[in-house]
Each structure stands twice: as C-alpha cells, then as structure tokens.
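Student: In this text, residue positions in the sequence shown follow numbering that gives the first Met the number 0: the first is 0, and each later residue adds one.
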Amino acid sequence: MQELSAGGHVRIALECEKKSKKASQPDGNGGGGNVSLLEEAMWTAYVNGRRVGYAVRREASEGDLAVMQLLSTVSVGAGVLPGDVVDAPAGAEADGEVAYMRAGFDRVIGSKDSESFYMVNPEGGAGGGTELSIFLVRV
C-alpha cells in the first residue's frame with residue numbers, strides 16, 4: 000500500500016515456474032497437465048522490480064465476498080473501509096480496516112505463459128492518478 004500511496008507507476012510482477020513435461024499430470028481435460036496461467040497456485044511476487052515475497056491463489060472467503068458486495072455500487076475509486084462496517088477478510092490490516100482500489104483494466108495476452116493487466120485511467124490522461132500494471136509470467 001505504501002507504493003500505491005507514494006504516487007507514480009506501480010508494477011506488480013507475479014512469476015511462477017514452468018512444470019517439466021515429465022512432472023505434469025493429466026488434468027482430466029485432455030490437456031496433459033497444462034494449467035491456465037490464471038489457475039497457477041503459487042507465485043513469486045515483485046513490486047517495482049523488488050522481490051517482496053510470495054503470492055498464493057485462493058478461493059474468495061465469506062469476508063471477501065461481503066466486501067465485494069459492499070463495493071458493488073463503486074465503479075471506480077480507492078479508499079478504506081472501517082473495521083466496524085464489515086467483517087475483515089483475509090489480508091486486512093490489524094485494526095480491521097480494508098483498503099480497496101477499483102478500476103477497469105486492459106488485458107493483454109502475450110502467450111500462454113504471459114499476460115498483463117493495465118489499469119485504465121477513467122480521465123484518459125496520464126496524470127490522473129496512480130498507474131498500475133500487473134504482469135503474470137511463467138518462467
């Protein structure tokens with residue numbers, strides 16, 4: 000969150016490892032174990048080129064779904080929900096506050112091993128707020 004509030008362009012890169020053909024198991028769909036890039040379970044996370052840890056794919060919890068329902072009328076914006084408004088989902092701050100950013104994204108598929116998402120600025124100009132890019136890469 001500090002990177003986002005500092006302004007400027009934020010680049011989040013998530014990298015996962017390619018599975019060797021010998022190690023891959025059939026997936027039941029005739030795909031020979033090929034997993035969609037968005038279905039990968041474990042990622043190494045980088046923010047603006049600096050390794051920050053790991054990211055794990057998970058299903059939305061009840062708390063996550065409650066926050067999404069609460070934000071369903073918000074089309075674009077960022078803010079903080081106080082802890083007394085909603086049960087804090089996983090990943091919330093210690094005091095129960097939930098920070099959110101909602102925007103439109105352009106999706107670019109480079110190959111089966113790379114995708115990127117670019118936040119669309121609703122004002123159309125480059126100076127209208129935080130710029131965010133998310134890159135998913137299988138290496």
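Glycine is no exception: its CB is placed at the ideal position from the N, C-alpha and C atoms.
Computed from a predicted model, the values in this text were never measured in an experiment.
Spatial neighbours of residue 8 within its chain, please: CB distance less than 6 Å, with the 5 preceding and 5 following residues excluded, ordered by chain position.
Tutor: Working through the sequence shown from its first residue, we reach residue 8 at position 9. Within its own chain, the residues whose Cβ lies closer than 6 Å to the Cβ of residue 8, once the five positions on either side in sequence are excluded, are 130, listed in chain order.
Student: Just the C-alpha distance for residue 33 and residue 95, rounded to the nearest angstrom, thanks.
Tutor: Working through the sequence shown from its first residue, we reach residue 33 at position 34. Working through the sequence shown from its first residue, we reach residue 95 at position 96. About 39 Å.
Student: Given a cut-off of 8 Å on the beta-carbon distance, is the pair residue 102 and residue 79 in contact?
Tutor: As a first step, residue 102 is located in the sequence shown; it is residue number 103 there, counting from the start. As a first step, residue 79 is located in the sequence shown; it is residue number 80 there, counting from the start. Not closer than 8 Å, so no.
Student: How should residue 51 be labelled, buried or exposed, when 16 other C-beta atoms within 10 angstroms of its C-beta is the threshold for buried?
Tutor: Translated into the one-based positions of the sequence shown, residue 51 becomes position 52. Exposed, by the Cβ-count rule.
Student: Of the residues 39, 110, 104, 109, which one's Cα is nearest the Cα of residue 116?
Tutor: Here residue 116 refers to the residue found at position 117 when the sequence shown is read from its first residue. Checked all of 39, 110, 104, 109; the closest Cα to residue 116 is 104.
Student: Report the start-end ranges of each beta strand (DSSP E) in the stretch 48–108 that is 3 residues or longer and not cut off at the edges.
Tutor: Runs of the beta strand (DSSP E) inside the stretch 48–108: 49–55, 76–80, 97–101.
Student: Does DSSP put residue 28 in a helix, in a strand, or in coil?
Tutor: Numbered from 1 along the sequence shown, position 29 holds the residue referred to as residue 28. Bear in mind that the predicted position of residue 28 carries a pLDDT of just 41, short of 50, making it unreliable; the figure below should be weighed with that in mind. For residue 28, the secondary structure class from DSSP, reduced to helix, strand or coil, is coil.
Student: To which residues does DSSP link residue 14 through a beta bridge?
Tutor: Here residue 14 corresponds to residue number 15 of the sequence shown, with the count starting at 1. Residue 14 is bridged to 43, 136.
Student: For a quick check, are the C-beta atoms of residue 69 and residue 42 less than 8 Å apart?
Tutor: Sequence index remark: in the sequence shown, residue 69 carries index 70 (1-based). Sequence index remark: in the sequence shown, residue 42 carries index 43 (1-based). Going by C-beta atoms, residue 69 is not nearer than 8 Å to residue 42.
Student: From which residue to which residue does the beta strand (DSSP E) around residue 119 run?
Tutor: Counting from 1 along the sequence shown, the entry for residue 119 is found at position 120. Element bounds for residue 119: 113–119.
Student: Would you call the CB atoms of residue 113 and residue 135 closer than 8 Å?
Tutor: Sequence index remark: in the sequence shown, residue 113 carries index 114 (1-based). Sequence index remark: in the sequence shown, residue 135 carries index 136 (1-based). It is a contact, given that the beta carbons lie within the stated cut-off.
Student: To the nearest whole angstrom, what separates the beta carbons of residue 77 and residue 100, a pair I think is in contact under 8 Å?
Tutor: Within the sequence shown, the letter at position 78 stands for residue 77. Within the sequence shown, the letter at position 101 stands for residue 100. About 4 Å separates the two Cβ atoms, so the contact holds.
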